[in-house]
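Protein chains in written order, with the working numbering: chain A, 5 to 247; chain B, 1011 to 1442.
Glycine residues also receive a C-beta, built at the ideal position from the N, C-alpha and C atoms.
The following block contains the structure:
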């Protein structure tokens, strides 16, 4: 059967996306650190959908292990979805470089390391798709989360370049920019209801956009316009604002 | 973040507790009082509202399914809609389902919900083999009607007042189509409506929509819809996209005239006395689920559903009086749903008993509770009872007259030290 590889599979968006793809008949590789904790979830997906779900150990920060990680997958995946993300603590990251580096490496460096390897294989096979979950936070740096935002901005640029490079090989790359999503990452934050998506909504939107071969997806859709407005604010004005 | 119920009334402040595992949950229970489990927030009134709420919905894993017996094991936060999405295509359906699929399995047990086939299959608890529940003593136990009948009877229909249901094993039933053959019978008055219910008693599913603004000799006119699953092998059931009400309607949008117009259109579109249709599961069982946030139609002040049941021998007289009272008041209700129920079960607080039940939606406005108090008097007079899952205002006196096992329930809670741990606004009001 056809496998989809989901990396960072413990996140709420990843789980909802896993269920969505399994529902549409795909088998799954779920990759994460301490992947054993995903056993109950993998069973959930199997009981729901009768698909095969395999759990694979992956440390996104252990770059040297990535080649071996990909090689061990007996059947290579049809597509890969990266839901790796670490919000971190912005204030701490401003003074503690270890925290800043962890945010950058988790959201960017580690993903690049692994996706480079997979991109090479997909390009060689001239098939496959890649989905990267970035963030609207990468569209413009704001004081409340610019370390995270800058890493996501880098990821967005990386995915854009990857899409350009792989176009001729017919490998499709989708950049996903979720706005607010009701997940563990945002638990306790007071999010505006109309702008906040449920993980299931994000998953459905990702599946549809990927199947249609779209390039950039904002969820919810209005975030495309929210971010357009935010990006249009002139820098002299923006620097004094708190948004 | 404060949680509301489906009726959006009352709006209170509450603390919401999440748990990752049983240990954390038992700690939460140990440290707090006035706790109540909360599923998908679809009960109408205040049965799942309290100052401390335990959020069960995130616990939504499917655990096991046995193809032979149709026994499904899921965590309590799984929605009925998720079960349908996975299992209708494989030829399985819920044995008992209420009029919305957007409730959790835990909530279905706690309300001991029932559906259009109550006269055949009974309440939801009839398909529950067993469940695990975290009690006030902070230990989880396995409960079934055979091994722990008291706990089972207190929990099914107990509105979360015995503890937090963690997971459950429920039986599904085989179907061979996602379609049903529906027969719609148009009646002219209450007498005809009753006759039609009796005539179609052999149909597994039945429910009537009743025009409660009709006056005089038209009181009780209805559209009775009965049905049964087809056998055509068409099982390609998929989640449908839904439209959603984006904001609260202004509260004047629903008034006597708009409801009258709706009822006239709804009743008038059916021309023949008896007609037949082929409808799918969602149209037949869950018509309102197609509209997201339909509760916003009633405006920001919220709404309530008044659902009562009267024993069969008094149903006709009682309903006539109640419908007249509503019609005279001019307070509109879009949805007045009438159904003939089968026999009561042994659960202490389950709502159904053999007789006719009517459910009516009303927006919260001045004078409404006075009207409902008057309806209560008629319900009590005819030995009827009120459905806790819908209720937000019934008095202790009225409530307890309807439920003969109420003291058994109170005693059970007290003995097991549940009475101070688990409380809702409702449980305090009606003294359970």
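Starting from residue i, trace the alpha helix (DSSP H) both ways and give me its first and last residue.
| i | result |
| --- | --- |
| residue 1439(B) | 1435-1440 |
| residue 210(A) | 203-216 |
| residue 1277(B) | 1266-1278 |
| residue 1054(B) | Premise fails: residue 1054(B) is in no alpha helix (DSSP H) and is neither H nor E. |
| residue 102(A) | 101-108 |
| residue 241(A) | 239-242 |
| residue 146(A) | Neither: residue 146(A) is in no alpha helix (DSSP H) and is coded neither H nor E. |
| residue 1198(B) | Taken as a continuous stretch (DSSP letters only), residue 1198(B) belongs to no alpha helix (DSSP H), as it is neither H nor E. |
Just verifying my parser: in three-state terms, what is the DSSP assignment at residue i?
| i | result |
| --- | --- |
| residue 126(A) | helix |
| residue 1133(B) | coil |
| residue 3(A) | Nothing about residue 3(A) can be reported from this structure: the residues present for chain A run from 5 to 247 only. |
| residue 1176(B) | strand |
| residue 1443(B) | Coverage of chain B is limited to positions 1011 through 1442, which leaves residue 1443(B) absent and any answer about it impossible. |
| residue 58(A) | strand |
| residue 40(A) | helix |
| residue 1125(B) | coil |
| residue 1114(B) | strand |
| residue 232(A) | helix |
| residue 1359(B) | coil |
| residue 66(A) | coil |
| residue 1395(B) | strand |
| residue 1245(B) | coil |
| residue 26(A) | helix |
| residue 48(A) | helix |
| residue 1206(B) | helix |
| residue 35(A) | strand |
| residue 247(A) | coil |
| residue 195(A) | coil |
| residue 1013(B) | coil |
In terms of residue numbering, what span does the beta strand (DSSP E) encompassing residue i cover?
| i | result |
| --- | --- |
| residue 157(A) | Residue 157(A) -> not in any beta strand (DSSP E); alpha helix (DSSP H) instead, spanning 150-170. |
| residue 1139(B) | 1138-1144 |
| residue 1332(B) | No beta strand (DSSP E) contains residue 1332(B), which is instead part of the alpha helix (DSSP H) from 1322-1339. |
| residue 1237(B) | 1232-1239 |
| residue 1047(B) | 1045-1048 |
| residue 1073(B) | 1072-1076 |
I want to see whether chain B comes within less than 8 angstroms of residue i, judged by CB atoms only; does it?
| i | result |
| --- | --- |
| residue 38(A) | no |
| residue 184(A) | no |
| residue 44(A) | yes |
| residue 143(A) | no |
| residue 51(A) | yes |
| residue 219(A) | no |
| residue 31(A) | no |
| residue 48(A) | yes |
With residue i and residue j assumed to form a contact (beta carbons below 8 angstroms), what rounded beta-carbon distance in angstroms separates them?
| i | j | result |
| --- | --- | --- |
| residue 33(A) | residue 65(A) | The Cβ separation is near 19 angstroms, so there is no contact. |
| residue 1369(B) | residue 1354(B) | That pair is no contact at about 18 angstroms. |
| residue 46(A) | residue 57(A) | 4 angstroms |
| residue 106(A) | residue 136(A) | Contact doesn't hold; Cβ gap of about 19 angstroms is too wide. |
| residue 180(A) | residue 118(A) | Wrong, their Cβ atoms sit about 17 angstroms apart, outside the cutoff. |
| residue 1125(B) | residue 1047(B) | The pair is not a contact, with the Cβ atoms about 22 angstroms apart (cut-off 8 angstroms). |
| residue 1261(B) | residue 1234(B) | No, residue 1261(B) and residue 1234(B) are not in contact; Cβ-Cβ is about 32 angstroms, not under 8 angstroms. |
| residue 1396(B) | residue 1412(B) | 6 angstroms |
| residue 1259(B) | residue 1307(B) | 5 angstroms |
| residue 189(A) | residue 82(A) | Actually they are not in contact, since the Cβ atoms of residue 189(A) and residue 82(A) sit about 28 angstroms apart, beyond 8 angstroms. |
What residues match up with residue i in a beta bridge as DSSP calls it?
| i | result |
| --- | --- |
| residue 1184(B) | 1102(B) |
| residue 1350(B) | 1366(B) |
| residue 1086(B) | Answer by DSSP bridge pairing: none, since residue 1086(B) is not bridged. |
| residue 1287(B) | 1192(B) |
| residue 86(A) | 11(A) and 136(A) |
| residue 184(A) | 200(A) |
| residue 223(A) | 182(A) |
| residue 174(A) | None; residue 174(A) has no bridge partner. |
| residue 1153(B) | 1141(B) |
| residue 1220(B) | 1232(B) |
| residue 1254(B) | 1302(B) |
| residue 1026(B) | 1063(B) |
| residue 1373(B) | 1313(B) |
| residue 1295(B) | The partner list for residue 1295(B) (beta bridge, DSSP) is empty, contrary to what the question assumes. |
Is any beta-carbon of chain A found at less than 8 angstroms from that of residue i?
| i | result |
| --- | --- |
| residue 1074(B) | yes |
| residue 1096(B) | yes |
| residue 1027(B) | no |
| residue 1358(B) | no |
| residue 1071(B) | yes |
Is residue i near the ligand SAM, with its Cβ less than 7 angstroms from a heavy atom?
| i | result |
| --- | --- |
| residue 1299(B) | Summarising the ligand content, the structure contains no ligands, and the ligand SAM is consequently not present. |
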